[in-house]
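K.L.:
In our numbering, each residue's number is its place in the sequence shown (first place is 1) plus 36.
Where a beta carbon is used, it is the ideal one built from N, C-alpha and C, also for glycine.
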Amino acid sequence: MASFVETIKVSAHDNTNPDPNEWKSQISTGVGFFDHMLDQIQSHGLISLSVTTPGFLLETSSPSAKKDMINRHVDSQEEISSTIGTKLGSALNALLPPSTSLSPQTFYCPLDESLVRCTLTPSTSPTLTFNVTTPTGGLGKFNRTKVGVWNLPCIKTFFKKLAQTLNVTIEFELVTGDNSHHIIESSFKSFSRCLRRLIDAPSQNRQNLPHSVFYGTSGTPPSSKTHEISRQTKETNINVTLTLYPSPCVVSVSTGLPQFDSLLSTLFLSSNISADIKCNGDLWIDDHHLIEDVGISVGKCLLRVLGDKKGMNRMFWGGEGVRGVVDLSNRPFCGLEVGWGGEEVNGVSLEMVEHFFESLANEARITLHVRDSNCGSDEDKIIEICEVVGKAIWGCTKVDERRGGKVASSKGTLCA
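#1: Assign Gly-431 to one of three DSSP states: helix, strand, or coil.
#2: With Met-348 and Leu-372 assumed to form a contact (beta carbons below 8 Å), what rounded beta-carbon distance in angstroms separates them?
#3: In this structure, how does DSSP classify Leu-138 when only helix, strand and coil are distinguished?
#4: Does Gly-81 come out as helix, strand or coil in the three-state DSSP assignment?
#5: Roughly how far, in whole angstroms, is the beta-carbon of Gly-335 from the beta-carbon of Asn-398, given that I think they are within contact range, below 8 Å?
#6: Arg-108 to Ala-127, Cα distance in whole Å?
#7: What residues in its chain sit with their C-beta under 6 Å from that of Gly-355, if we drop five residues either side in the sequence?
#8: DSSP beta-bridge partners for Leu-151?
#9: From which residue to which residue does the beta strand (DSSP E) around Ile-63 run?
#10: Between Arg-407 and the rest of its own chain, which residues show a CB-CB distance below 6 Å, the 5 nearest in sequence each way excluded?
#11: Under a three-way DSSP split, which group does Cys-337 fall into?
#12: On the three-state DSSP scale, how would you describe Ala-48?
#13: State whether the segment 292-303 contacts the segment 259-278, with contact taken as three or more CB pairs (one from each stretch) at a distance under 8 Å.
#14: Between the C-alpha atoms of Arg-175 and Lys-197, what's the straight-line distance to the nearest angstrom?
#15: Name the DSSP bridge partner or partners of Thr-157?
#16: Relative to the alpha-carbon of Leu-131, which residue among Glu-115, Pro-171, Val-204 has its alpha-carbon at the smallest distance?
#17: Given a cut-off of 8 Å on the beta-carbon distance, is the pair Leu-138 and Pro-158 in contact?
#18: Do you know offhand how far Lys-123's Cα is from Glu-42's?
#19: Using 8 Å for Cβ pairs, my map puts Cys-337 next to Leu-278. What's the rounded Cβ distance?
#20: Distance check for Phe-195 and Glu-114, CA to CA, integer angstroms please.
#21: Kindly list the residues whose CB is nearer than 6 Å to the CB of Trp-353, restricted to its own chain and excluding five residues on each side of it in sequence; keep chain order.
#22: Is it the case that the Cβ atoms of Leu-82 and Ser-61 are separated by a distance below 8 Å?
#23: Considering only the beta carbon of each residue, do Val-443 and Ile-418 sit closer than 8 Å?
#24: Which partner residues of Arg-233 appear in the DSSP bridge assignment?
#25: Using CA coordinates, which residue listed in Leu-151, Leu-234, Gln-141, Ile-63 is at the minimum distance from Pro-134?
#26: Which of helix, strand or coil does DSSP assign to Ala-130?
#27: By DSSP, does Gly-440 sit in helix, in strand, or in coil?
#28: Could you check whether Leu-339 and Ala-400 sit closer than 8 Å to each other, using their CB atoms as the reference points?
#29: DSSP puts Lys-314 in a beta bridge; with which residues?
#30: Taking 8 Å as the threshold (C-beta atoms), are His-218 and Leu-147 in contact?
#31: Given a threshold of 16 other Cβ atoms within 10 Å of its Cβ, counted over all protein chains shown, does Phe-392 qualify as buried or as exposed?
#32: Any idea if Ile-321 is buried or exposed, counting beta-carbon neighbours within 10 angstroms, 16 or more meaning buried?
#33: Rounded C-beta distance between Leu-386 and Asp-414? I'm assuming under 8 Å.
#34: In the DSSP assignment, find the beta strand (DSSP E) that holds His-391 and state where it starts and stops.
#35: Under the rule that 16 or more other beta-carbon atoms within 10 Å means buried, what is Lys-434, buried or exposed?
#36: Among Asp-71, His-49, Pro-140, Ser-260, which has the Cα closest to the Cα of Glu-221?
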């Protein structure tokens, strides 16, 4: 009779290589949240998984029976986490190119307020660094010891065993966030994106580019899309036109604030989105109304020109000294941690620089994180923030034909 471990079946298939046998995915570990996290590997790593344990049923007769079936192995989750980690690592290792062609890969995954960095480094002596917990070893604000019914020690065991047979050192770092579900989900998503980059084996000079800069196999960029929006109040009169996938990228900005013009120009040139922005505002009062209304208008226009985001990378990051991370999530969030030295630069108040990005994120319905290393002048920081956020948007909007026109989400859709 086969042992319990022997009855746990794990296999993986690279979705970017069509399978004539129509390889089908099924995930049922016996631990509900574990299932949900493995599904992140499928959605964000472009990998189909088959992971089943004893008692797996395709159909159940009632919601209560379904819940019991899904969480049928709660009491055996340590053994299941260890075994699946070991077997999945081996299955994924088979998808990697020769180790001599692999270089370390890093990805920052934003999930609302949570942001986790994952770095994967090919190694003959792989280890796991799991720096996403509190000083006392729990998760998030409430120091949780489990998510759903999946215990935190079992999550660590899964990744430790996975690293050993994948032959890759896995390093997680929580940058920010205090929601336990989001922290672990962000960890899995960042791991999945890194894994995809390892499988694609980009060369050193492409390390900081999205793996799909080639637009899939044809090398042909999508058709350009343009949207125009106008906003007129007693305080401002604004016209914004944005073009996604332009050829070439042309940016023209006139707001009456040269420093703000420079900010907008840098942002859109870095994102490769053509922009024509014209604005008149009550600058005799201060810069608040103009900058806020431009942020609102630009955000609304960006949301429209991005459309349904099908086939897009969806999330990416850029920068080192200043880092910008963007997710076209339809979940508005803006987290800025910048060490400013003064209160304004060339007539533009720094609080309004931050408020511009807040308005942009809210109206474009994107998740945005910005962090800086407290180096350089305030003017330098503004320029670099715009460059890295623009680069992140550029990476997010790249279309990967391997996604088959589908949204990069385990839900099959983005939040409305």
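P.N.:
From the atom records:
#1: Locating residue 431 in the sequence shown gives position 395, where the first residue counts as 1. Gly-431: helix per DSSP, three-state reduction.
#2: Locating residue 348 in the sequence shown gives position 312, counting from the first residue. Locating residue 372 in the sequence shown gives position 336, counting from the first residue. Contact between Met-348 and Leu-372 does not hold, since their C-beta atoms are separated by about 24 Å, which reaches or exceeds 8 Å.
#3: Here residue 138 corresponds to residue number 102 of the sequence shown, with the count starting at 1. Here Leu-138 sits in coil by DSSP.
#4: Taking the first residue of the sequence shown as position 1, residue 81 is located at position 45. In the three-state DSSP reduction, Gly-81 falls in the helix class (H, G or I).
#5: Along the sequence shown, read from residue 1 onward, the residue named residue 335 stands at position 299. Along the sequence shown, read from residue 1 onward, the residue named residue 398 stands at position 362. About 6 Å; that satisfies the 8 Å criterion.
#6: Taking the first residue of the sequence shown as 1, we reach residue 108 at position 72. Taking the first residue of the sequence shown as 1, we reach residue 127 at position 91. Each residue's alpha carbon lies about 24 Å from the other.
#7: Within the sequence shown, residue 355 is the residue found at index 319, counting from 1. Excluding positions up to five away in sequence, the list reads Val-424.
#8: Residue 151 sits at position 115 when you count from the first residue of the sequence shown. DSSP output for Leu-151 lists Pro-146, Thr-212 as bridge partner(s).
#9: In the sequence shown, residue 63 corresponds to position 27, counting from 1. Here the beta strand (DSSP E) through Ile-63 covers 62-64.
#10: Here residue 407 refers to the residue found at position 371 of the sequence shown. So the list reads Arg-359, Glu-373, once near-sequence residues are dropped.
#11: Counting from one through the sequence shown, the residue named residue 337 turns up at place 301. Cys-337 falls in the helix class under three-state DSSP.
#12: By 1-based counting over the sequence shown, the position of residue 48 is 12. Residue state, collapsed to three classes: strand.
#13: Cβ pair count under 8 Å is below three, so no.
#14: In the sequence shown, the residue the question calls residue 175 occupies position 139. In the sequence shown, the residue the question calls residue 197 occupies position 161. For clarity, residue 175 is Leu in the given sequence; the question names Arg instead. In a straight line, the C-alpha of Leu-175 is about 21 Å away from that of Lys-197.
#15: Counted from its first residue, the sequence shown places residue 157 at position 121. According to DSSP, Thr-157 bridges with Thr-205.
#16: One-based indexing of the sequence shown puts residue 131 at position 95. Selected option, being the one with the closest Cα: Val-204.
#17: Translated into positions along the sequence shown, residue 138 becomes position 102. Translated into positions along the sequence shown, residue 158 becomes position 122. Yes, the Cβ-Cβ distance between Leu-138 and Pro-158 is below 8 Å.
#18: Position 87 of the sequence shown, counted from the start, is the residue given in the question as residue 123. Position 6 of the sequence shown, counted from the start, is the residue given in the question as residue 42. A direct Cα-Cα distance of roughly 11 Å separates Lys-123 from Glu-42.
#19: Working through the sequence shown from its first residue, we reach residue 337 at position 301. Working through the sequence shown from its first residue, we reach residue 278 at position 242. Cys-337 to Leu-278, Cβ: 5 Å. Contact.
#20: Working through the sequence shown from its first residue, we reach residue 114 at position 78. Working through the sequence shown from its first residue, we reach residue 195 at position 159. C-alpha separation (whole angstroms): 12 Å.
#21: Taking the sequence shown and counting its residues from 1, the one referred to as residue 353 is at position 317. If we look at Trp-353 and ignore the five residues flanking it on each side, its Cβ neighbours are Tyr-144, Val-361, Ala-428.
#22: In the sequence shown, residue 82 corresponds to position 46, counting from 1. In the sequence shown, residue 61 corresponds to position 25, counting from 1. Contact flag unset, no.
#23: Position 407 of the sequence shown, counted from the start, is the residue given in the question as residue 443. Position 382 of the sequence shown, counted from the start, is the residue given in the question as residue 418. Against a cut-off of 8 Å, the Cβ pair of Ile-418 and Val-443 comes out as no contact.
#24: Counting from one through the sequence shown, the residue named residue 233 turns up at place 197. Paired residues: none, contrary to the question.
#25: As a first step, residue 134 must be located in the sequence shown, where it is residue number 98. Comparing Cα-Cα distances from Pro-134 to each of Leu-151, Leu-234, Gln-141, Ile-63, the minimum goes to Leu-234.
#26: By one-based count along the sequence shown, residue 130 stands at place 94. Three-state DSSP puts Ala-130 in coil, outside helix and strand.
#27: Position 404 of the sequence shown, counting from 1, holds the residue named residue 440. Reduced to three states, the DSSP call for Gly-440 is coil.
#28: If you number the sequence shown from 1, residue 400 lands on position 364. If you number the sequence shown from 1, residue 339 lands on position 303. Judged by their CB atoms, Ala-400 and Leu-339 are nearer to each other than the 8 Å cut-off.
#29: Start at 1 with the first residue of the sequence shown, and residue 314 comes out as number 278. Per DSSP, Asn-275, Ser-290.
#30: Here residue 147 refers to the residue found at position 111 when the sequence shown is read from its first residue. Here residue 218 refers to the residue found at position 182 when the sequence shown is read from its first residue. Against a cut-off of 8 Å, the Cβ pair of His-218 and Leu-147 comes out as a contact.
#31: Numbered from its first residue, the sequence shown carries residue 392 at position 356. Under this definition Phe-392 is a buried residue.
#32: Position 285 of the sequence shown holds residue 321. Flag for Ile-321 reads exposed.
#33: As a first step, residue 386 must be located in the sequence shown, where it is residue number 350. As a first step, residue 414 must be located in the sequence shown, where it is residue number 378. Indeed they touch by this definition, with Cβ atoms about 6 Å apart.
#34: Residue 391 sits at position 355 when you count from the first residue of the sequence shown. Where His-391 is concerned, there is no enclosing beta strand (DSSP E), although the alpha helix (DSSP H) it sits in stretches over 386-400.
#35: Looking up residue 434 in the sequence shown gives position 398. It counts as buried.
#36: Taking the sequence shown and counting its residues from 1, one reaches residue 221 at position 185. Ranking Asp-71, His-49, Pro-140, Ser-260 by Cα distance to Glu-221 puts Asp-71 first.
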